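**Q** The structure is given below, and queries will be raised subsequently.
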Amino acid sequence: MQLSEQLARHEAKMRALYAEFETLVRQVETFGRRSFLKLAGMTGGGLVLAFKLEAQASGAQADGAGTPDLNAFVRIAPDDTVTLFSKCPEIGQGIKTAFGLIIAEELDADWKKVKVEQAPVKPKIYGYMGAGGSTSIPRGWDQLRQAGAAARAMLVAAAAKQWNVPTSELSASASVVTHKASGRKATYGELAQAAASLPVPDVATLPLKNRADYKLIGKRYTGVDNRKIVTGQPLFGVDVELPGMLIANLVMCPAPGGKVKSANLDEIKKMPGVVDAFVLEGTDDLTEVKPCVAIVAKSTWEAFKAKAALKMEWDESNASKDSLTQLAAKAKDLARKLPAPASNIGDVDKAFASAGKVVEAEYDYAMVAHQHLEPQNATAWWHDGVMEIWSPSQGSDRGLAGVAKMLKLSEDKMIVHQTRAGGGFGRRLMNDYMFQAAAIAMKVSAPVKLQWKREDDFAQDFFRAGGFHYLKGAVGTDGKLSAIQTHSVGFSADGTHAVTGSGRSNNSFPTDMAPNTRHAITLLPLLTPCGAWRGPTDNVQWFASGSFLHELSVAAGRDHVEFLLEWVNRPRAAGPQQGQGADGRPAPAPDTSRIFNAGRATGVVKMAAEKSGWGKKLPAGSGLGISFAFGYGGHVAEAVELSVDAKKHITIHKITAVADIGPIINIGGADNQLQCGVLFALSAAMFEGIGVEQGRVQQTNFHQYPILRMRSAPPVEPYFIQSDFRPAGLGEPSVLPLAAALGNAIFAATGTRVRTMPFSRAGYSI
Amino acid sequence: MAFVLNINRKATTVDVPGDMPLLWVLRDVLNMKGSKYGCGVGICGSCTVLMDGHPVRSCVTPVSKATGKIVTIEGLAEDGELHPVQQAWIDLDVAQCGYCQGGQILGATALLKEHPKPTDAQIDEAMNGLLCRCGAYKRIRAAIHHVAEPQTRTEGAIHAAE
Chain R
6 MQLSEQLARH EAKMRALYAE FETLVRQVET FGRRSFLKLA GMTGGGLVLA
56 FKLEAQASGA QADGAGTPDL NAFVRIAPDD TVTLFSKCPE IGQGIKTAFG
106 LIIAEELDAD WKKVKVEQAP VKPKIYGYMG AGGSTSIPRG WDQLRQAGAA
156 ARAMLVAAAA KQWNVPTSEL SASASVVTHK ASGRKATYGE LAQAAASLPV
206 PDVATLPLKN RADYKLIGKR YTGVDNRKIV TGQPLFGVDV ELPGMLIANL
256 VMCPAPGGKV KSANLDEIKK MPGVVDAFVL EGTDDLTEVK PCVAIVAKST
306 WEAFKAKAAL KMEWDESNAS KDSLTQLAAK AKDLARKLPA PASNIGDVDK
356 AFASAGKVVE AEYDYAMVAH QHLEPQNATA WWHDGVMEIW SPSQGSDRGL
406 AGVAKMLKLS EDKMIVHQTR AGGGFGRRLM NDYMFQAAAI AMKVSAPVKL
456 QWKREDDFAQ DFFRAGGFHY LKGAVGTDGK LSAIQTHSVG FSADGTHAVT
506 GSGRSNNSFP TDMAPNTRHA ITLLPLLTPC GAWRGPTDNV QWFASGSFLH
556 ELSVAAGRDH VEFLLEWVNR PRAAGPQQGQ GADGRPAPAP DTSRIFNAGR
606 ATGVVKMAAE KSGWGKKLPA GSGLGISFAF GYGGHVAEAV ELSVDAKKHI
656 TIHKITAVAD IGPIINIGGA DNQLQCGVLF ALSAAMFEGI GVEQGRVQQT
706 NFHQYPILRM RSAPPVEPYF IQSDFRPAGL GEPSVLPLAA ALGNAIFAAT
756 GTRVRTMPFS RAGYSI
Chain C
905 MAFVLNINRK ATTVDVPGDM PLLWVLRDVL NMKGSKYGCG VGICGSCTVL
955 MDGHPVRSCV TPVSKATGKI VTIEGLAEDG ELHPVQQAWI DLDVAQCGYC
1005 QGGQILGATA LLKEHPKPTD AQIDEAMNGL LCRCGAYKRI RAAIHHVAEP
1055 QTRTEGAIHA AE
């Protein structure tokens, strides 16, 4: 298959994935009686409560009813230990701690006796099990609360039966059920066995707590894996160790689409420690197995040495010849040549003609890489007709289905273990390493761990696309925003759709930015694989528009906070419509948490202004910049205070970040994620850029791709407005406003506008 | 070739090629997974171990040169008692993904031994070689200060508008 077709197929899958993120997360899932499946009287007794989506109920009973399957959300042992299972991948976002807290809250469990374990990858039991689009929390919120509430109701019912009192006279707290009138108490461990024999309540009718009654949610917790992390215990994908395990590495073509022509396999096979070396023709899908040479050795070092000695010839007739230098020149040339607009509101030309001020600007941003610190890896073991995989993926559930299809195995012949991931940032929505490890394992009669080198991570990333925005805007003689015209020059694999992260975001950006707006898109063909990178599309779109809004307020002589507040509060068309209910159920209640909300936007902008000391007098060479962004369910404002010296060296004194993502589950975790998201964005804004020539990525390791380090990391102050909306995730919203806030601050300090990202390309350092 | 290594206060003999980096001896041969592979060229710091008290990059230290007393993240706690730096990392919930934190903790341990009350500039100097892709630098810095002066716990205060 042509490379462009493979990329088009990949991009279609990405669009489907993101559509799923947005539609499913907007539905308030409600579950019926049959949603829960009780697995009682298991090993060691106690209560085990499994849970499944009603829509997937067919065949569900067989999954657990007859077998001692412990894959549940809640397990309560006679010794009072409460084990909760976290179904989404832990990639550093703290989901394992947060998910545990959500279940424990409704369960009224004693957090000190709670253990949180990673659930095995079983989508038939758990439903969706990925981590992407900042959706884990909003998607899991109801399901997890209901799981906790159902288990609690059964424990209380067991006590009521034992003591012959109505459940209404009982209370539960910290894993103890109490009958106040008689003073009787029983621990969850004591009640678990009896509870397990009771019918599962209809979870749809179970009352869930009001926020005011929360005992656990909203406080500060240390992460549930922290002790293992600080003592170096095995947690990550690369830490998997199995008896007789071999180590594999791959050599893939540096230009996407290349095929193996020849390789000195015989020499490689003679090298010390090398067990085998062979060609994998690939699956005709660059998100699975690319054509490559696999080297299998007894140790990682021996595999790496063999890799270095491998002499390859590639057939690059179908390979990418992309040159980002050429594409950038072409895009710049096209920036002011607008095609027919993709959307139009009002009369932009008329507004420009009658404007008080018209401003034009071109923004550009580089392609960037993920480079989470744990390189790609997966461990696969083909044994007993079963493919068993350990993977640090962000979407092991999809990986499971995909690998089964590749191997022509039924999914029940797959066992997939989710490991902790040393970062993800969207890269691990791709499961290529899972497919590769499985393909190698089929040829090796031993467990095999595939270990990429850092250089492989650079060469074989799915990048955030670079791009160009030409913006033209007008403020009226009254100083108010009257028109905006945007032209986004991005990239496409299929000629029609923008690649992931390119083009224009419609789902999370208020498209009617001004009374008169016009948006146009031009897409250039690209054969370099792109993918999701923390806040796709919005992370660059907000750089351009957040900076440009400041250009307009400066042109109008307005205070930028006042201008922003006016902007977020201008009348808009209604938000996206509610999705339909699944499997014929009534349409769920409208959930407005994912929709832009002027009140929430106002709140974060005002608070960021207040906390950053907006309006205060700053010395010459210093400036304060602010920006707002909405995306992935989060409303966020960030303010940067900095000084710039004559050599364009920036000293950031403080970054203020304010997010409204609804109620916070673990305030300590959220604080950390917000400030880390800000620094992740700062790193990209200042330093990060990938070059591609002749289809080949030019950067090979961190010496050519600087990433923010301690010395350049400024203080960040995180704040939250805990509105009453459904909680949202934070991984992506935290990143979005920073680049514009930084550029706006530089302008405030120096009068110079930075319109290129990374800012190092404009001569700035930090 | 046989090498006798002093790892976490114990003599350990391994039979490996002399050019094998200490990192892979630890991870593949001795099944000690705490030291992480990040870049393979000594510039990210995830593989950091202490040798005679000094942080070294085990991914570029051939086993033949690993002649000092080595402490890995697994050996920092003695008799089940966490080192104060490890405890601070838990108390301040420093980690995001946690992959680099073993190296960060060992780097911080060496720094605190040399400068029991390090300044921010000394922290910058000592910790700059340790990359945290998640950007957990603020809490790393705070945790180091916390070990030096446990009473001044600034980070960890809830700023939220509650």
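Sequence order for the protein chains is R and C. In short: position in the first sequence from 1, add 5, done, that's this note's numbering. In short: position in the second sequence from 1, add 904, done, that's this note's numbering. C-beta: ideal position from N, C-alpha, C; glycine also. Quick caveat, the model's predicted, so the values are computed rather than measured.
Can you give the beta carbon distance from R:Cys93 to R:Ser141, rounded, assuming they're within the 8 angstroms contact cut?
**A** 4 angstroms
**Q** Which of helix, strand or coil does DSSP assign to R:Met715?
**A** Helix, per DSSP.
**Q** In chain R, what lies closer than 8 angstroms to C:Gln1026 by C-beta?
**A** Neighbours of C:Gln1026 on chain R: none; closest Cβ ~11 angstroms, over 8 angstroms.
**Q** Thinking R:Thr102 and R:Tyr226 are a contact (beta carbons under 8 angstroms), I'd like their distance in whole angstroms, please.
**A** 6 angstroms
**Q** Which residue wins for smallest C-alpha separation from C:Arg1083, given the options C:Thr1013, C:Lys969, C:Thr971 and C:Gly949?
**A** Summary: the structure shown does not reach residue 1083 of chain C, with chain C confined to residues 905 through 1066, and so no result is reported for it.
**Q** Cα separation between R:Ser552 and C:Pro1022?
**A** Rounded to the nearest whole angstrom, the CA to CA distance from R:Ser552 to C:Pro1022 is 38 angstroms.
**Q** Name the DSSP bridge partner or partners of R:Asp665?
**A** R:His640
**Q** Of all the residues that make up the segment 592-614 of chain R, which are near chain C by a beta-carbon distance shorter than 8 angstroms?
**A** Met612
**Q** Have a look at R:Thr288 and R:Gln11 and give me their C-alpha separation to the nearest angstrom.
**A** 10 angstroms
**Q** Pick out whichever of R:Glu722, R:Glu367, R:Ala689 and R:Thr533 has its Cα sitting closest to the Cα of R:Gln842.
**A** Here chain R has residues from 6 to 771 only, and residue 842 of chain R is not among them.
**Q** On a Cα-Cα basis, can you pick out the residue from R:Ala519, R:Gln376 and R:Trp547 that is closest to R:Gly508?
**A** R:Trp547
**Q** Is R:Glu567 helix, strand or coil by DSSP?
**A** helix
**Q** With C-beta atoms as the reference, is C:Pro1054 less than 7 angstroms away from C:Gly1011?
**A** no
**Q** Is the Cβ-Cβ distance between C:Val998 and C:Ala1030 less than 7 angstroms?
**A** Remark: C-beta atoms of C:Val998 and C:Ala1030 do not approach each other more closely than 7 angstroms.
**Q** Where does R:Gln7 sit, in a helix, a strand or coil, going by DSSP?
**A** coil
**Q** Could you check whether R:Asp665 and R:Val609 sit closer than 7 angstroms to each other, using their CB atoms as the reference points?
**A** yes
**Q** Taking only the alpha-carbon atoms, compute the straight-line gap between R:Pro125 and R:Gly237 and give it to the nearest angstrom.
**A** 22 angstroms
**Q** Tell me where the beta strand (DSSP E) around R:Ile252 begins and ends.
**A** Leu251 to Met257
**Q** From the beta carbon of R:Gly237, is the nearest beta carbon of chain C less than 7 angstroms away?
**A** Yes, because at least one Cβ of chain C sits closer than 7 angstroms to the Cβ of R:Gly237.
**Q** Where R:Met159 and R:Ala177 are concerned, what is the direct C-alpha to C-alpha distance, given to the nearest angstrom?
**A** The C-alpha of R:Ala177 is placed about 11 angstroms away from the C-alpha of R:Met159.
**Q** Would you tell me roughly how many angstroms separate the C-alpha atoms of R:Arg605 and R:Ala560, rounded to the nearest one?
**A** Our two residues, R:Arg605 and R:Ala560, have alpha carbons roughly 27 angstroms apart in a direct line.
**Q** Exposed or buried, C:Glu985, counting other C-beta atoms within 10 Å across all chains shown (16 or more means buried)?
**A** exposed
**Q** Determine the chain R residues that contact C:Ile911 at a beta-carbon separation under 8 angstroms, and present them in chain order.
**A** Residues of chain R passing the Cβ test: none, with the nearest at roughly 12 angstroms.
**Q** For R:Ala746 and R:His555, I'd like the C-alpha separation in whole angstroms.
**A** In a straight line, the C-alpha of R:Ala746 is about 9 angstroms away from that of R:His555.
**Q** Counting only beta-carbon separations shorter than 7 angstroms, does C:Arg1037 have a partner in chain R?
**A** Output row for C:Arg1037: interface = yes.
**Q** Can you have a look at R:Gly500 and say buried or exposed, based on whether 16 or more other CB atoms are within 10 angstroms of its CB?
**A** exposed
**Q** For R:Arg189, which of helix, strand or coil comes out of DSSP?
**A** strand
**Q** By DSSP's criteria, R:Cys297 is part of a beta bridge. Which residues make up the other side?
**A** R:Cys297 is bridged to R:Met257 and R:Leu285.
**Q** Scan the segment 715-731 of chain R for residues whose Cβ lies nearer than 8 angstroms to a Cβ of chain C and list them as they occur along the chain.
**A** Met715, Arg716, Ala718, Pro720, Val721, Glu722, Pro723, Tyr724, Phe725, Ile726 and Gln727
**Q** Return the CA-CA distance between R:Glu34 and R:Phe78, expressed in angstroms with no decimal places.
**A** Reliability of the predicted coordinates at R:Glu34 is poor, the pLDDT of 48 falling under 50, and no value is obtained from them.
**Q** Whose C-beta lies closer than 6 angstroms to the C-beta of R:Ala537 among residues of the same chain, with five residues either side of it excluded?
**A** Cβ-Cβ distances below 6 angstroms link R:Ala537 to Gly431, Leu434 and Thr505 in the same chain, with the five nearest sequence neighbours on each side left out; the list follows chain order.
**Q** So R:Trp386 and R:Ala446 are supposed to be a Cβ contact under 8 angstroms. How far apart are they, rounded?
**A** For R:Trp386 against R:Ala446, the beta-carbon gap comes to about 6 angstroms, under 8 angstroms, which counts as contact.
**Q** When you compare only the Cα positions, how much space is there between R:Ala162 and R:Ala347?
**A** 59 angstroms
**Q** I think R:Ala179 touches R:Pro83, with their Cβ atoms under 8 angstroms apart; what is that distance to the nearest whole Å?
**A** R:Ala179 to R:Pro83, Cβ: 17 angstroms. No contact.
**Q** What residue does the alpha helix (DSSP H) around R:Met159 start on, and which one ends it?
**A** Where R:Met159 is concerned, the enclosing alpha helix (DSSP H) stretches over Ser141 to Trp168.
**Q** Using 10 angstroms around the beta-carbon of R:His377, count the other beta-carbons present and answer buried if the total reaches 16, otherwise exposed.
**A** buried
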